[in-house]
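Numbering (the numbering used here), first residue to last: 24 to 486.
Built from N, CA and C at the ideal position, the CB exists for glycine as well.
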Amino acid sequence: MEKHACIYCGNTETSESDIIPDALTNARITNKNVCKTEHNNKFSDLFESEVIEALALITNELDIKSHKGENYAAYPAKIEIDGIEYSTKMISEKDLFNGRKVLVSTDKKHKLSSMDKITKIAKDSRKVSEVDINKIPLYKRVEININIYFSEKMFRMISKIAYEWYCSRNGVVGYHDEFENIVKFITLGKGDNPVTIFQNEELYKYCGQQISLGSHCLFALVDNTGKVNVIVSLFGIAMYRVVVSDAIPAFCKNNFMFMELRTDSSRKELTHVSYEEAENYFFELFNPSNFIEGANIAGTHIVIHKEISNIDVVLYPFVFNMMKCFLEIRDEIQEPNEKIVKILKCNIQEVLQASTLHKKSIQRFVKEYFSDGHEPIRLNPNASNKKTTLLFYILFVIGRDNIECIDDKSLQEIAKEALDMGVKSELIVTDELEKKLQNEMLSTEGYGDMLEKGAEVIKKWEE
Ligand SMILES: [Zn+2]
């Protein structure tokens with residue numbers, strides 16, 4: 024029988040812990056060796072929930088939500104409509120005008136809701152005036168909390184992710200003294216803070232080019248002083264180094280590992296004993312003796328790989344390069360400074376601007392905008408929301424071109440064509456392009472019907 028014991032305290036009554044809090048990823052990874060109350064549930068109150076709350080805008084925009092919850096996370100925002108500013112917590116722009124919600128202006132003097140609802144609230148029709156939200160510009164301002172990335176709660180959460188992941192990939196059962204410092208820090212916030220943040224702009228850029236937008240990445244390696252490091256890249260926004268142990272524990276054999284967790288819930292993973300072993304494995308893949316003769320195509324003999332047909336050959340060089348950087352670059356900090364704040368802001372901006380486009384995001388969008396009995400869609404030429412515009416445009420193309428069914432590949436192709444992009448897989452909508460897409464739709468007769476048709480196709484898209 025498999026033995027279980029908590030990696031924080033040794034308690035043998037264990038439960039399954041989400042290594043990365045469930046609200047922060049669509050790709051769950053778990054550690055079964057964590058006791059239920061003391062070192063699973065309690066962490067949520069101690070540090071996780073505050074971090075999750077502070078990152079609500081990011082998870083919402085990336086279409087990430089807890090598998091337990093019905094809704095995406097709501098984030099605080101200030102909305103300006105017709106010269107009046109409203110303070111609210113919102114899940115989506117659609118949700119602002121769902122007919123039930125009442126927006127209260129920041130100065131508390133105005134309320135905004137559906138005509139029905141607001142007339143009831145006002146009790147005096149002379150106090151009510153009408154605005155057409157489809158015709159007037161709407162400005163949204165969202166405050167971004169940079170300090171959360173340097174908070175003790177964040178450092179403890181990042182330590183927890185690093186520790187639980189390293190242990191799960193090494194089959195660690197029970198508490199071991201080799202992890203004394205990190206365990207103390209996670210559970211009590213005491214001991215040396217094992218976490219630092221990278222502040223090297225090029226490193227962020229290089230990593231960002233190789234992974235999917237909004238992915239979490241984890242790397243495990245042994246640094247030049249023999250310490251076990253886990254690097255946690257959170258949404259590609261902030262990259263943290265965590266010292267998990269001062270030396271390799273004798274019972275942990277895997278010390279060269281990589282994992283990417285994508286927002287579409289897919290993942291990539293490499294597990295090796297050491298840098299050398301990983302390198303040898305990679306180079307051995309190209310050894311001619313690993314290839315055998317395959318089919319004969321029109322007289323031409325082809326060779327195929329004996330064992331592995333779908334190995335991600337591009338992934339290995341990327342991981343090797345990242346590991347090299349983690350060994351050489353020791354330019355990290357724990358306190359905010361101008362340089363790192365600029366990097367974080369820039370990375371957040373990129374995540375918020377680039378729409379991730381996959382089944383989940385377009386289905387969520389259709390559910391929000393094309394619910395049963397909804398009002399006819401009228402695009403607001405004054406509004407600016409690049410993600411919304413792109414998603415409307417995709418529905419428009421599906422409807423216009425009478426596309427009857429859709430899959431991930433055709434979705435990507437429509438987007439690629441709309442955005443006129445080459446191999447780069449991230450979808451960046453510029454101001455100019457947004458205008459162009461809006462104008463194309465607005466100048467097409469019957470665009471509303473095309474949108475409806477497109478939405479129907481997405482609704483019928485099943486697993
Ligand atoms: Zn425990």
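For this session: Taking 8 angstroms as the cut-off, decide whether the C-beta atoms of L119 and I87 are in contact.
Result: Your numbering for residue 119 matches position 96 in the sequence shown. Your numbering for residue 87 matches position 64 in the sequence shown. I87 is positioned such that its CB atom lies no closer than 8 angstroms to that of L119.
For this session: Measure the C-alpha to C-alpha separation of I30 and R264 and round it to an integer number of angstroms.
Result: Looking up residue 30 in the sequence shown gives position 7. Looking up residue 264 in the sequence shown gives position 241. R264 has its alpha-carbon roughly 21 angstroms from the corresponding atom of I30.
For this session: Say yes only if the C-beta of Y186 is nearer than 7 angstroms to one or more non-hydrogen atoms of ligand 1, and no if none qualify.
Result: Sequence index remark: in the sequence shown, residue 186 carries index 163 (1-based). Incorrect: Y186 has no Cβ contact closer than 7 angstroms to ligand 1.
Exercise. When the Cα of M282 is compared with those of D335, A318, I315, T323, which residue comes out closest?
Worked result: Here residue 282 is taken as the residue at index 259 of the sequence shown, counted from 1. Answer by Cα proximity: D335.
For this session: State the start and end residues of the unbroken alpha helix (DSSP H) segment that holds P340.
Result: For this step, residue 340 is matched to residue 317 along the sequence shown. Taken as a continuous stretch (DSSP letters only), the alpha helix (DSSP H) holding P340 covers 338–351.
Exercise. Is any heavy atom of ligand 1 found at a distance shorter than 7 angstroms from the C-beta of C29?
Worked result: Stepping through the sequence shown from its first residue, residue 29 is reached at position 6. Yes, the beta carbon of C29 sits closer than 7 angstroms to at least one heavy atom of ligand 1.
Problem set entry | Run of the alpha helix (DSSP H) containing I184, from where it starts to where it stops | Along the sequence shown, one-based indexing puts residue 184 at 161. Where I184 is concerned, the enclosing alpha helix (DSSP H) stretches over 175–192.
Exercise. With C-beta atoms as the reference, is L236 less than 8 angstroms away from V253?
Worked result: The sequence position of residue 236 within the sequence shown is 213, counting from 1. The sequence position of residue 253 within the sequence shown is 230, counting from 1. No.
For this session: Spatial neighbours of E103 within its chain, please: CB distance less than 6 angstroms, with the 5 preceding and 5 following residues excluded, ordered by chain position.
Result: Mapped onto the sequence shown, residue 103 falls at position 80. Cβ neighbours of E103 beyond the five flanking positions: Y162.
For this session: For R353, count neighbouring C-beta atoms within 10 Å of its own C-beta (all shown protein chains included) and say buried if the count is 16 or more, exposed if not.
Result: To locate residue 353, count along the sequence shown from 1; it is residue 330. Taking a 10 Å sphere around the C-beta of R353, we find fewer than 16 other C-beta atoms and assign the residue as exposed.
For this session: Rounded to whole angstroms, what's the CA-CA distance from L338 to I234? Just pull it up for me.
Result: Start at 1 with the first residue of the sequence shown, and residue 338 comes out as number 315. Start at 1 with the first residue of the sequence shown, and residue 234 comes out as number 211. Roughly 10 angstroms between the two C-alpha positions.
For this session: Just mark L465 as buried or exposed, buried being the case when its beta carbon has 16 or more other beta carbons within 10 Å.
Result: Walking along the sequence shown from the start, residue 465 turns up at place 442. Exposed, because fewer than 16 other Cβ atoms sit within 10 Å of the Cβ of L465.
Problem set entry | Same chain only: Cβ atoms within 6 angstroms of L135, ignoring 5 sequence neighbours per side | What you label residue 135 is simply residue 112 of the sequence shown in a count that begins at 1. For L135, where only same-chain residues beyond five positions count, the Cβ hits under 6 angstroms are L126.
Exercise. If we ignore side chains and look at the alpha-carbon of each, how far apart do V446 and L380 end up?
Worked result: Taking the sequence shown and counting its residues from 1, one reaches residue 446 at position 423. Taking the sequence shown and counting its residues from 1, one reaches residue 380 at position 357. Because the pLDDT at V446 is just 48, under 50, the model does not fix this residue reliably, and the point stays unresolved.
Exercise. When every heavy atom of ligand 1 is checked, does at least one fall within less than 7 angstroms of the C-beta of H62?
Worked result: For the purposes of this step, residue 62 is taken as residue 39 along the sequence shown, with counting starting at 1. A distance criterion of 7 angstroms places the beta-carbon of H62 in contact range of ligand 1, judged by its closest non-hydrogen atom.
Problem set entry | Contacts around F305, its chain only, beta-carbon distance under 7 angstroms, and the 5 residues preceding and following it disregarded | Here residue 305 corresponds to residue number 282 of the sequence shown, with the count starting at 1. Y339.
Exercise. If you drop the 5 nearest sequence neighbours on each side, which residues of the same chain put their C-beta closer than 6 angstroms to that of A406?
Worked result: Reading the sequence shown from its first residue, position 383 is the one you call residue 406. In chain order, L161 place their CB closer than 6 angstroms to the CB of A406, counting only its own chain and leaving out the 5 sequence neighbours on each side.
Exercise. With 16 other CB atoms within 10 Å as the buried threshold, where does N34 fall?
Worked result: Numbered from 1 along the sequence shown, position 11 holds the residue referred to as residue 34. Classification for N34: buried.
Exercise. Can you give the beta carbon distance from K329 to N313, rounded, assuming they're within the 8 angstroms contact cut?
Worked result: For the purposes of this step, residue 329 is taken as residue 306 along the sequence shown, with counting starting at 1. For the purposes of this step, residue 313 is taken as residue 290 along the sequence shown, with counting starting at 1. Indeed, because the Cβ distance is near 5 angstroms, the residues count as touching under 8 angstroms.
Exercise. Should C190 go down as buried or exposed, given a rule of 16 or more other Cβ atoms within 10 Å for buried?
Worked result: The count along the sequence shown starts at 1 and reaches residue 190 at position 167. Buried is the call here.
Problem set entry | The beta strand (DSSP E) enclosing T111, as first and last residue numbers | By 1-based counting over the sequence shown, the position of residue 111 is 88. That run of the beta strand (DSSP E) goes 107–113.
Problem set entry | Sequence ranges, beta strand (DSSP E) only - wholly within the segment 139–176, length at least 3 | As far as the segment 139–176 is concerned, its whole beta strand (DSSP E) runs of at least 3 residues are 161–164.
Exercise. Can you find a heavy atom of ligand 1 that lies under 7 angstroms from the Cβ of C190?
Worked result: Locating residue 190 in the sequence shown gives position 167, where the first residue counts as 1. Checking the Cβ of C190 against ligand 1 gives no.
Problem set entry | Range covered by the alpha helix (DSSP H) that runs through L375 | In the sequence shown, counting from the first residue as 1, residue 375 sits at position 352. That run of the alpha helix (DSSP H) goes 361–376.
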